[in-house]
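Just below is one structure, and these are the notes that go with it.
In this note's numbering, the protein residues as written are -11 to 55.
See below:
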């Protein structure tokens, strides 16, 4: 049985809000994900494991470090 943390990591990315400035509209246009504020400093990108993998590659190509 998979661990909850492993499943959570495959369906979301949490980043500083400032990192997504200028990219959020592109994410909405190109991917089926939801971007929600986590707190004052962070936001969460939520989607299927396939979409999150694609978003991660998209962000990495633009110099965003995704862990």
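Cβ coordinates follow ideal geometry from the N, Cα and C atoms, glycine included.
Helix, strand or coil at residue i according to DSSP, with G and I counted as helix
i: residue 3; result: strand
i: residue 49; result: helix
i: residue 22; result: strand
i: residue 43; result: helix
Beta-carbon proximity list for residue i, same chain, < 6 Å, skipping 5 on both sides
i: residue 24; result: 32
Whole-angstrom C-beta distance between residue j and residue i, which should lie under 8 Å
i: residue 21; j: residue 43; result: 6 Å
i: residue 5; j: residue 29; result: 6 Å
7 Å Cβ shell around residue i - same chain, five flanking residues per side excluded
i: residue 7; result: 52
i: residue 39; result: 19, 20, 21
i: residue 37; result: -2, -1
Beta-bridge pairing of residue i - partner residues as DSSP gives them
i: residue 14; result: Note: residue 14 sits in no beta bridge, so no partner.
i: residue 34; result: 0, 22
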